[in-house]
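Below: one structure, written as structure tokens.
Protein chains: 2
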Amino acid sequence: MRKQSSTNTRNKTAIDAHCGMAHTLSLIGGRWKPGILMRLLGGRLRYNELRKALVGISERMLVLQLRELEKDGLITRIVYAEVPPRVEYELTKDGHSMQKLLESLSDWGVKRLNRASNA
Amino acid sequence: MRKQSSTNTRNKTAIDAHCGMAHTLSLIGGRWKPGILMRLLGGRLRYNELRKALVGISERMLVLQLRELEKDGLITRIVYAEVPPRVEYELTKDGHSMQKLLESLSDWGVKRLNRASNA
DNA sequence: CCTCATACTTACATTTTTGTTAGTACTTAA
DNA sequence: TTAAGTACTAACAAAAATGTAAGTATGAGG
Numbered sequence: 005m006r007k008q009s010s011t012n013t014r015n016k017t018a019i020d021a022h023c024g025m026a027h028t029l030s031l032i033g034g035r036w037k038p039g040i041l042m043r044l045l046g047g048r049l050r051y052n053e054l055r056k057a058l059v060g061i062s063e064r065m066l067v068l069q070l071r072e073l074e075k076d077g078l079i080t081r082i083v084y085a086e087v088p089p090r091v092e093y094e095l096t097k098d099g100h101s102m103q104k105l106l107e108s109l110s111d112w113g114v115k116r117l118n119r120a121s122n123a
Numbered sequence: 005m006r007k008q009s010s011t012n013t014r015n016k017t018a019i020d021a022h023c024g025m026a027h028t029l030s031l032i033g034g035r036w037k038p039g040i041l042m043r044l045l046g047g048r049l050r051y052n053e054l055r056k057a058l059v060g061i062s063e064r065m066l067v068l069q070l071r072e073l074e075k076d077g078l079i080t081r082i083v084y085a086e087v088p089p090r091v092e093y094e095l096t097k098d099g100h101s102m103q104k105l106l107e108s109l110s111d112w113g114v115k116r117l118n119r120a121s122n123a
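Quick mapping for you: the protein sequence lines, in order, are chains H and B. Going letter by letter, the first sequence gives residues 5 to 123 in this note's numbering. Going letter by letter, the second sequence gives residues 5 to 123 in this note's numbering.
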């Protein structure tokens with residue numbers, strides 16, 4: 005939980021409200037969200053499929069990030085009334101609207117990584 | 005300073021090396037870099053000009069972020085041998101190559117903020 | 001000699017993010 | 001009755017990011 009009154013939070017809030025770029029980055033940034041979003045671009049995935057794909061992630065982090073993405077309206081959580089449980093995650097319309105953007109971010113990064121490894 | 009051996013750092017390193025999107029975000033993310041980059045898109049700026057533009061930033065944070073952007077090859081630091089000192093910051097070619105991308109991030113965020121304020 | 005202006009440093013404190021470990025609930029099948 | 005499978009929670013700990021406050025160097029101008 006954020007401490008509503010810290011300078012840190014006040015700065016973040018003020019910036020996110022006025023700077024579109026900062027706002028966007030705060031939705032897709034962090035250690036694991038890029039990976040989650042990239043996988044979901046390929047279609048709906050189960051909790052366990054995401055967990056296996058994201059090597060190194062802990063259950064806690066995965067749930068935390070999924071909940072944030074859901075709260076921000078980028079993904080949908082689909083629960084099946086089955087035992088053992090089955091839950092799938094999928095990009096919302098809003099999430100899909102980022103596809104081009106996410107791919108551009110990825111492309112720029114890949115080019116840069118390639119350049120670095122050749123230098 | 006990062007602790008080379010922490011799981012945290014190992015995760016970050018592994019991800020940044022394989023995921024282009026994560027790599028890109030690690031260069032332009034953080035509290036102040038979006039603001040710095042956006043202003044520099046408009047042209048070369050002095051240290052003090054940046055400081056005044058970025059309401060709420062501390063000297064420490066400004067210097068820290070500028071140094072990182074420089075190390076990552078996105079901006080250039082130009083020092084004039086004058087007293088009082090004069091230092092200007094400017095996007096590199098690599099920095100400029102992000103213009104479209106930065107604008108897209110900004111545009112997407114602005115649209116979203118507008119939608120939120122009308123809802 | 002003293003102050004001003006600029007672009008920083010440094011030491012420290014706080015807040016936020018990320019990671020670790022152990023546990024839960026629920027049914028089915030052995 | 002006991003284990004197996006799935007998708008989680010909760011309490012705690014470590015690490016990283018951010019913020020605060022004070023100080024530094026330089027030469028010009030009064």
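Built from N, CA and C at the ideal position, the CB exists for glycine as well. Bear in mind that the values here come from a model prediction, so they are computed numbers and not experimental data.
Cβ neighbours of residue i in the same chain (closer than 6 Å, five flanking residues each side left out)
i        : result
Leu109/H : none
Lys37/B  : Gln69
Tyr84/B  : Arg90
Leu66/B  : Arg55
Contact set for residue i: own chain, Cβ-Cβ below 8 Å, skip 5 residues either direction
i       : result
Gly47/B : Glu94
Lys7/H  : Thr13
Thr96/B : Gly77, Leu78, Ile79, Thr80
Ile82/H : Arg48, Val91, Glu92, Tyr93, Glu94
Ala57/B : Gly39, Arg43, Leu49
Ser10/H : none
Glu63/H : Arg55
Amino acids of chain B, ordered along the chain, whose beta-carbon sits closer than 7 Å to that of residue i
i        : result
Thr28/H  : Leu109, Trp112, Gly113
Leu105/H : Ser108, Leu109, Trp112
Within 9 Å, strictly: CB atoms of residue i and residue j
i        : j        : result
Ile19/B  : Arg35/H  : yes
Tyr51/B  : Val87/B  : no
Ile32/H  : Asn15/B  : no
Met42/H  : Leu106/H : yes
Gly39/H  : Leu73/H  : no
Gln103/H : Leu45/H  : yes
Contact list for residue i against chain H, beta-carbon separation under 7 Å
i       : result
Pro38/B : Cys23, Met25, Ala26, Leu29
Contacts that residue i makes with chain B (C-beta to C-beta distance below 8 Å)
i        : result
Leu49/H  : Here the premise fails: no neighbours, minimum Cβ distance about 16 Å.
Leu117/H : Ala21, Gly24, His27
Where residue i meets chain B, residues with beta-carbon distance less than 9 Å
i       : result
Gly60/H : Thr11, Arg14, Asn15, Ala18, Ile19
Within chain H, the residues that residue i reaches when beta carbons sit closer than 9 Å
i       : result
Arg35/B : Asn12, Asn15, Lys16, Ile19, Ala26
7 Å CB neighbourhood of residue i in its chain, flanking five on each side removed
i        : result
Asn122/B : none
| query | How about the stretch 22–34 of chain B and the stretch 101–117 of chain H: do they share at least three Cβ pairs that are nearer than 8 Å? | reply | As far as the Cβ criterion goes, the stretch 22–34 of chain B touches the stretch 101–117 of chain H, which means the pair count is three or higher.
| For the stretch 5–22 of chain H, which residues have a CB atom closer than 9 Å to at least one CB atom of chain B, in sequence order? | Answer set for the stretch 5–22 of chain H: Thr11, Asn12, Arg14, Asn15, Lys16, Ala18, Ile19, Asp20, Ala21, His22.
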